[in-house]
Amino acid sequence: MTEPLSRTSALASRHTALGSGLEDWNGMGTAWEYDTDPCDEHDAIREAAGMFDMSPLKKIQVRGADAAAAVDHLHSRDLARLGPGQSAYGAVLTDGGKVADDAIAFNNGDDGWLVVHGSGSSMELLAESAEGRDIQLALDDDLHIVSLQGPESLPLLDAHASADLSSLAYFHHLSTELFGRPVMVSRTGYSGERGYEIFATAHDVGAVWDGILAAGEVDGVMAASFTALDKVRVEAALLFYGYDMTDDHFPSEVGLGWALSRSGADYRGRQAALAAAGTERFVFAGISIDHTDMVAGGETLRLEGRDVGTVNSPAWSHRMGKSLALVHLAPDAADAGTALEVVGEDASYRATVERIPFYDSEKSRTHAP
Numbered sequence: 002m003t004e005p006l007s008r009t010s011a012l013a014s015r016h017t018a019l020g021s022g023l024e025d026w027n028g029m030g031t032a033w034e035y036d037t038d039p040c041d042e043h044d045a046i047r048e049a050a051g052m053f054d055m056s057p058l059k060k061i062q063v064r065g066a067d068a069a070a071a072v073d074h075l076h077s078r079d080l081a082r083l084g085p086g087q088s089a090y091g092a093v094l095t096d097g098g099k100v101a102d103d104a105i106a107f108n109n110g111d112d113g114w115l116v117v118h119g120s121g122s123s124m125e126l127l128a129e130s131a132e133g134r135d136i137q138l139a140l141d142d143d144l145h146i147v148s149l150q151g152p153e154s155l156p157l158l159d160a161h162a163s164a165d166l167s168s169l170a171y172f173h174h175l176s177t178e179l180f181g182r183p184v185m186v187s188r189t190g191y192s193g194e195r196g197y198e199i200f201a202t203a204h205d206v207g208a209v210w211d212g213i214l215a216a217g218e219v220d221g222v223m224a225a226s227f228t229a230l231d232k233v234r235v236e237a238a239l240l241f242y243g244y245d246m247t248d249d250h251f252p253s254e255v256g257l258g259w260a261l262s263r264s265g266a267d268y269r270g271r272q273a274a275l276a277a278a279g280t281e282r283f284v285f286a287g288i289s290i291d292h293t294d295m296v297a298g299g300e301t302l303r304l305e306g307r308d309v310g311t312v313n314s315p316a317w318s319h320r321m322g323k324s325l326a327l328v329h330l331a332p333d334a335a336d337a338g339t340a341l342e343v344v345g346e347d348a349s350y351r352a353t354v355e356r357i358p359f360y361d362s363e364k365s366r367t368h369a370p
């Protein structure tokens with residue numbers, strides 16, 4: 002018997018109307034597939050805009066005089082540098098310096114922070130960081146997240162917002178009205194495109210969702226599933242906790258060494274994580290595979306008969322005409338151009354290490370002014 006889901010999106014009926022079976026992720030029914038072709042959804046994200054319900058992410062409201070200190074202890078970035086209306090992506094570490102989760106911390110001003118994370122242990126670790134402090138923590142499932150990603154996202158949202166969104170910088174956020182509903186808009190996303198995440202209550206999120214689809218239909222904007230999300234995030238070499246990183250991995254082994262503040266913040270696991278830099282057992286890398294579909298994941302990577310890595314996140318990119326994968330590789334096998342063998346249970350394929358991100362390697366689209 003299937004266990005009931007512990008969390009529900011206010012958009013669930015809209016997902017089922019689009020063909021989703023509401024599969025479980027993070028305790029919430031999630032649109033892994035719609036009746037539409039995920040390749041068409043992929044095209045929409047790159048050419049117009051695709052809209053995702055990212056409400057299965059967990060949202061923690063942190064309030065009180067010591068809120069900043071507790072969040073700073075949790076998060077691997079130096080959050081003291083953030084002013085109200087700014088946010089930062091970073092790692093959440095164990096005491097031993099390994100990756101317990103990843104999260105975005107939003108400074109909302111007035112001793113208020115919002116921490117958004119996936120399926121790792123951020124809530125439990127934040128509760129530990131809050132012990133003995135003047136702070137209140139609350140998991141906020143009334144707060145929903147709609148993510149609109151792609152080149153049409155700014156003109157569409159700007160035309161229907163009460164604030165000027167054109168000047169909103171990357172990893173900045175503001176409060177406004179969108180389609181007449183109160184929201185917070187953040188210039189963040191998980192696609193490799195310029196995009197925005199819209200935070201709205203359960204009462205308001207349906208009107209926002211419907212407004213975006215109605216306003217964007219003429220330009221090819223469409224709802225997009227997590228299957229399409231996986232394609233674009235692999236192209237953009239963006240990590241997914243539980244696949245590309247776990248609590249057995251140091252940040253520098255999974256491409257998160259850049260997210261470790263070396264001065265300022267005294268976050269959990271800092272010294273152990275920094276000490277691991279330069280002693281990596283493997284590194285985060287990308288490969289293209291001589292195959293006409295995505296591989297299953299979990300395959301062994303070999304170099305001249307030697308096991309050198311593992312496939313973590315595979316995807317088929319019809320736009321690039323390639324079978325791609327995010328992998329862990331031995332440091333001496335990770336140079337771009339290295340020829341590898343991908344060995345699975347039933348088949349093996351040739352592969353080549355590629356520079357990542359596969360798509361928009363300079364990140365000019367996400368970081369555009």
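Residue numbering for the sequence shown follows my numbering, starting at 2 and increasing by one per position. No residue lacks a Cβ here, since even glycine has one placed at the ideal position from N, Cα and C.
From the DSSP output, in three-state form, read off residue i for me.
i	result
Phe180	coil
Thr95	coil
Ala224	strand
His250	coil
Gly279	coil
Glu198	strand
Gly30	strand
Leu302	strand
Ser187	strand
Val284	strand
Gly207	helix
Thr3	Low confidence applies to Thr3: its pLDDT is 46, below 50, so where it sits in the model is not reliable, and the reading given next is rough at best. Of the three classes helix, strand and coil, the one that applies to Thr3 here is coil, per DSSP.
Gly212	helix
Asp267	coil
Asp54	strand
Arg366	coil
Glu24	strand
Leu1	The first residue shown for the chain is 2 and the last is 370, placing residue 1 beyond what the model contains.
Leu230	helix
Could you tell me whether any non-hydrogen atom of the ligand SAH is closer than 7 Å to the CB of residue i?
i	result
Asp73	With respect to the ligand SAH, the structure shown offers nothing to examine, as it has no ligands at all.
Between the options, which has its C-alpha nearest residue i's C-alpha?
i	options	result
Glu236	Lys99, Ser314, Gly86, Glu125	Ser314
Trp259	Asp142, Asp79, His145	Asp79
Tyr35	Asp347, Asp54, Asn27	Asp54
Pro183	Thr189, Leu144, Gly322	Leu144
Ala104	Val93, Lys323, Ala18	Val93
Glu132	Asp38, Asp142, Gly65	Gly65
Asp41	Gly287, Ala225, His292	Ala225
Glu178	Ala45, Ala160, Ala277	Ala160
Val209	Arg351, Ile146, Asp220	Ile146
Val255	Glu300, Ala101, Trp26	Ala101
Arg134	Phe172, Asp361, Ala70	Ala70
Gly119	Gly181, Gly30, Trp26	Trp26
Ile199	Thr301, Asp220, Ser176, Glu218	Ser176
His276	Ser253, Val284, Phe285, Asp267	Checking the sequence, you will find Ala at residue 276 rather than His. Ranking Ser253, Val284, Phe285, Asp267 by Cα distance to Ala276 puts Ser253 first.
Gly110	Gly97, Ala68, Tyr90, Tyr197	Ala68
Arg271	Gly91, Pro332, Phe283, Val284	Gly91
Ala274	Gly20, Val63, Thr95	Thr95
Tyr242	Ser123, Gly306, Glu342	Ser123
Cβ of residue i within 8 Å of Cβ of residue j?
i	j	result
Asn108	Gln137	no
Phe251	Lys99	yes
Ala50	Leu157	yes
Ala203	Ala18	no
Gly298	Val312	yes
Pro358	Gly193	yes
Gly287	Leu327	yes
Ala316	Lys232	yes
Arg303	Val344	yes
Gly190	Ser148	yes
Asp291	Arg366	no
Leu140	Leu75	no
Ser163	Arg269	no
Gly113	Gly151	no
Ser262	Ser289	no
Phe283	Ala337	no
Val309	Met52	no
Tell me, which residues are paired with residue i by DSSP?
i	result
Lys59	His118
Ala352	Ile290, Leu341
Tyr242	Met246
Leu175	Val186
Arg47	Looking at the DSSP assignment, Arg47 forms no beta bridge with any residue, so it has no partner.
Arg15	DSSP lists no partner for Arg15.
Can you find a C-beta in chain C that's less than 8 Å from the C-beta of residue i?
i	result
Asp79	In the structure shown, chain C does not exist; there is a single protein chain.
Unbroken stretches of the alpha helix (DSSP H), 4 residues or longer, contained in the segment 306 to 343: none
Just to confirm the assignment: which complete alpha helix (DSSP H) runs, minimum length 4, are found wholly within the segment 68 to 153? 68 to 75, 123 to 131
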